[in-house]
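Report on one structure; see the data block that follows.
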Amino acid sequence: MTSADTYGELAQLTQLVDEYYQVESLDPSKLPLLQRQIWDLIRQTNLDADLSAMLSRDHGDHKHDWDDEMTPEGVPVSLAEMDGKDIAHLIEDIDGYLCELGAAQIRNGLHTLGQMPEGETLIDMLRALTRLPNGPVPGMLATLAVLYQLDTEMLHQRKGRKLAATDALTDWAGRPIVTGADALEVLDEMAGHLIRLFEYYRFDKKMTDRVIFESLHRDPASPGLTDLRTIMTFIAEEIVPNLARTDEEITNLLHGLSGGYVPAGPSGAPTRGMAHILPTGRNFYAVDPRVLPSKAAWEVGQQLAKEVLDRHWKETGHYPESVGISIWGTSAMRTHGDDVAEVLALLGVRPVWQAESRRITGLEIIPPAQLGRPRVDVTTRISGFFRDAFPHLIELMDEAVQMAIAADEPLEENFVKKHYLKELAELQKDDTYAVEEAEERAAYRIFGAAPGSYGAGILPLINERNWETDGDFAQAYINWGGYAYSRNAQGVDARDEFTRRLTGVEVALHNQDNREHDLFDSDDYLQFHGGMIATIRNLTGQQPKHYLGDSQDPAKPVVRDLKEETLRVFRSRVINPKWIESIKKHGYKGGLELTATVDYLFGYDATAHVVDDWMYEKVAGTYALDADMQQFFEENNPWALQAVTGRLLEAAQRGLWERPSEETLEGLKNLYLKSETLLESRADQTPTLK
Numbered sequence: 001m002t003s004a005d006t007y008g009e010l011a012q013l014t015q016l017v018d019e020y021y022q023v024e025s026l027d028p029s030k031l032p033l034l035q036r037q038i039w040d041l042i043r044q045t046n047l048d049a050d051l052s053a054m055l056s057r058d059h060g061d062h063k064h065d066w067d068d069e070m071t072p073e074g075v076p077v078s079l080a081e082m083d084g085k086d087i088a089h090l091i092e093d094i095d096g097y098l099c100e101l102g103a104a105q106i107r108n109g110l111h112t113l114g115q116m117p118e119g120e121t122l123i124d125m126l127r128a129l130t131r132l133p134n135g136p137v138p139g140m141l142a143t144l145a146v147l148y149q150l151d152t153e154m155l156h157q158r159k160g161r162k163l164a165a166t167d168a169l170t171d172w173a174g175r176p177i178v179t180g181a182d183a184l185e186v187l188d189e190m191a192g193h194l195i196r197l198f199e200y201y202r203f204d205k206k207m208t209d210r211v212i213f214e215s216l217h218r219d220p221a222s223p224g225l226t227d228l229r230t231i232m233t234f235i236a237e238e239i240v241p242n243l244a245r246t247d248e249e250i251t252n253l254l255h256g257l258s259g260g261y262v263p264a265g266p267s268g269a270p271t272r273g274m275a276h277i278l279p280t281g282r283n284f285y286a287v288d289p290r291v292l293p294s295k296a297a298w299e300v301g302q303q304l305a306k307e308v309l310d311r312h313w314k315e316t317g318h319y320p321e322s323v324g325i326s327i328w329g330t331s332a333m334r335t336h337g338d339d340v341a342e343v344l345a346l347l348g349v350r351p352v353w354q355a356e357s358r359r360i361t362g363l364e365i366i367p368p369a370q371l372g373r374p375r376v377d378v379t380t381r382i383s384g385f386f387r388d389a390f391p392h393l394i395e396l397m398d399e400a401v402q403m404a405i406a407a408d409e410p411l412e413e414n415f416v417k418k419h420y421l422k423e424l425a426e427l428q429k430d431d432t433y434a435v436e437e438a439e440e441r442a443a444y445r446i447f448g449a450a451p452g453s454y455g456a457g458i459l460p461l462i463n464e465r466n467w468e469t470d471g472d473f474a475q476a477y478i479n480w481g482g483y484a485y486s487r488n489a490q491g492v493d494a495r496d497e498f499t500r501r502l503t504g505v506e507v508a509l510h511n512q513d514n515r516e517h518d519l520f521d522s523d524d525y526l527q528f529h530g531g532m533i534a535t536i537r538n539l540t541g542q543q544p545k546h547y548l549g550d551s552q553d554p555a556k557p558v559v560r561d562l563k564e565e566t567l568r569v570f571r572s573r574v575i576n577p578k579w580i581e582s583i584k585k586h587g588y589k590g591g592l593e594l595t596a597t598v599d600y601l602f603g604y605d606a607t608a609h610v611v612d613d614w615m616y617e618k619v620a621g622t623y624a625l626d627a628d629m630q631q632f633f634e635e636n637n638p639w640a641l642q643a644v645t646g647r648l649l650e651a652a653q654r655g656l657w658e659r660p661s662e663e664t665l666e667g668l669k670n671l672y673l674k675s676e677t678l679l680e681s682r683a684d685q686t687p688t689l690k
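Below is the structure:
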């Protein structure tokens, strides 16, 4: 793992914002010129797409009502009508967003089996592993912030806000620190400097005080260094020795293939404050399903539910009556049940734990007065692995649904009961079902693939190019996932009920609990989440709200619109030279990774409609039409070049890429023909067996 950093035009924009802050106090007459330069660069980088989504949000002390219309001078009306205070807030928001992009955690190439990270890769990995608290071990950034009288929570809330940094921090940085974003950047640099010097001393715990003195210029006897010593001891005694055991991946694999015993170890996402799960190469175990959701997961789930409902209220003025969420078993293992906790929280039902064992002993309904809002109906699409691994959680969620249905409450305060009664009346109209079966079917809220089946049915359509409209996606999504699960149903064919449930869904949800992968790293996101969005759009004729929960830091979960998340991932990884160069080091496999990124981006756009024309244009220029990239593909994986080019041409053909430039389109066509010729020549040179 590594930080994305800013690059190219984003780095230029960061410099302009820094210059703006300097000129603001030294020469205010230049501010209009800088404002224009900043806006020109925003348009040049297409950041106006990010801003239109970002600035419409409530920022606590201010909110921008963004208008995409332009003045005759080519400036957004919203920008032209801003006064000095609003302009200052806008600059703060831009600065904060650039800080988020630069600090985003991305993969640094691929993991090589049995190989411990070295050099800067190791430094970056240790920064990622110590960023958050690891149990009783505090997080590195928060610890350093306290040393300089800063609060990281406040810094993260408003990164662009000005602050008065201590002289000690400014002296260490050797440059002005104007905003929270500046301070966060310096603290991250400081963490890297500490770890780099610690590596120089071979992570010798006895050298801790010397590293602190040489890195921070602080007397080791000065107060407040206890937490920092704890972190460095954790690095020296736990993390580095466990990373050094990475070679056990190969040793244990071979031992297991020989019929030997493979040692067991816990599972999870190490960068999510779970560095204790190292070393890798062990036969990982999950959790006792009876303790899920854990008390910690319940706190995260409640906050995610609140974020969803607050966001929908701010955007629409009302709470959603029904939401849909996709849940995976792997996520439940890593988080100890965050997603399930969110479902329960939306339903207005909470778990009850036994104090001694921490196991769930039951559920209790949250009274309306305490809940403070209606119970929200939740349609849950579970993965095949979740179905197999967590039948207990299926029963738990179904019990919560039944409790909500049975609650003696007005229907305007209980959307679960409201929809249940409406569906029950529909099912009883023609006497197709007996009373008991009609009641059972009207209460179905948990759906998945048929027993023994897995996936969502979307990927084959994408891979085989065997789709034309949203209706094709909807048919596959419903046919593949329309099997009901409850305390009494173990994969009952309920495609009609699944269709009715999705027809009423106003918000399609999915959560991501770590940054060790992202939306365009896997086809599962586009299948489960994108497939749900496409199906709802086909059934209702309208694009639903689509949110993605981010709980990479369990202490600060946030919910973003899927388009916002798409832009963040696109800028921080997809077109980031740092990531591209790291992946190219892997030759043939690197080419496959680049192809997969384009495929998943295309697939998410096909299902969720989240990729703009400029993004396709940027991918074409970065992945296909760049001379250095073409040389990489031709030397390492010419099949990948053809796949990337073909997928981009398909996006244009299908109208997802609505208005590609003629120059780009012609370049892609010529490149595709060139790649065919190259592959044919490779085939002619293939030696034959005699």
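Numbering follows full-length UniProt numbering, with no gaps: position 651 of the sequence shown is 651.
Think of the CB as a built atom: it goes at the ideal place given N, C-alpha and C, for glycine as much as any other residue.
Spatial neighbours of residue i in its chain, beta-carbon cut-off 7 Å, leaving aside the 5 residues before and after
| i | result |
| --- | --- |
| A269 | R334, D513, N514, E516 |
| H312 | Y319, P320, V507, K545 |
| I478 | R495, F498, T499, T535 |
| A128 | M1, Q105, T271 |
| S675 | P638, L641, Q642, T645 |
| A49 | L567, D612 |
| K589 | L110 |
| M403 | V349, L363, I365 |
| A442 | Y420, E423, L424, L427 |
| L41 | E9, Q12, L13, L16 |
Beta-carbon proximity check, residue i vs residue j, cutoff 8 Å
| i | j | result |
| --- | --- | --- |
| M1 | M154 | no |
| L13 | T45 | yes |
| L344 | A400 | yes |
| G160 | G96 | yes |
| L187 | R571 | no |
| Y672 | L649 | yes |
| A168 | I177 | no |
| S533 | A608 | Reading off the sequence shown, one finds Ile at residue 533, where the question assumed Ser. Yes. Within cutoff. |
| N511 | L346 | no |
| N242 | L194 | no |
| D553 | L132 | yes |
| G265 | F234 | no |
| V610 | L562 | yes |
| I394 | L509 | no |
| A275 | M116 | no |
| E214 | L197 | yes |
Where residue i falls, given that 16 or more other Cβ within 10 Å makes a residue buried
| i | result |
| --- | --- |
| L33 | exposed |
| L144 | buried |
| G8 | exposed |
| S331 | buried |
| E237 | exposed |
| H217 | exposed |
| G372 | exposed |
| K660 | It should be noted that the sequence gives Pro, not Lys, for residue 660. Burial call: buried. |
| T595 | buried |
| V352 | exposed |
Bounding residues of the alpha helix (DSSP H) (the contiguous stretch that carries residue i)
| i | result |
| --- | --- |
| W579 | 577-584 |
| P266 | Segment 264-266 is the beta strand (DSSP E) holding P266; no alpha helix (DSSP H) there. |
| H312 | 295-316 |
| W172 | 167-173 |
| R500 | 495-503 |
| Y602 | First, the residue type needs correcting, since residue 602 is Phe and not Tyr in the sequence shown. Counting along the chain, the alpha helix (DSSP H) containing F602 begins and ends at 587-608. |
| I123 | 119-130 |
Sequence-distant residues of its chain with Cβ nearer than 8 Å to residue i (five each side left out)
| i | result |
| --- | --- |
| G60 | The predicted position of G60 is uncertain, since its pLDDT is 49 and thus under 50; a value taken from the coordinates is nonetheless stated next. Q157, R158, listed in sequence order. |
| L679 | P638, W639, Q642 |
| D470 | A534, T535, R537, N538 |
Proximal residues to residue i (C-beta, below 6 Å), its chain only, five neighbours per side dropped
| i | result |
| --- | --- |
| A164 | none |
| D18 | none |
Residue range of the beta strand (DSSP E) that includes residue i
| i | result |
| --- | --- |
| G324 | 322-327 |
| K206 | Note, K206: premise wrong, no beta strand (DSSP E); not H, not E. |
| E364 | 360-365 |
| W467 | Per DSSP, W467 belongs to no beta strand (DSSP E) and is neither H nor E. |
| I446 | 446-448 |
Quiz item: Per the contact definition of three or more C-beta pairs closer than 8 Å, is the region 444-459 in contact with the region 370-384?
Solution: yes
Quiz prompt | Three or more C-beta pairs below 8 Å linking the region 107-126 and the region 214-225 | solution = Result no; under three Cβ-Cβ pairs closer than 8 Å.
Quiz item: Just checking, does the region 194-209 make contact with the region 245-254 on the three C-beta pairs under 8 Å criterion?
Solution: With the cut-off at 8 Å, the region 194-209 and the region 245-254 do not touch.
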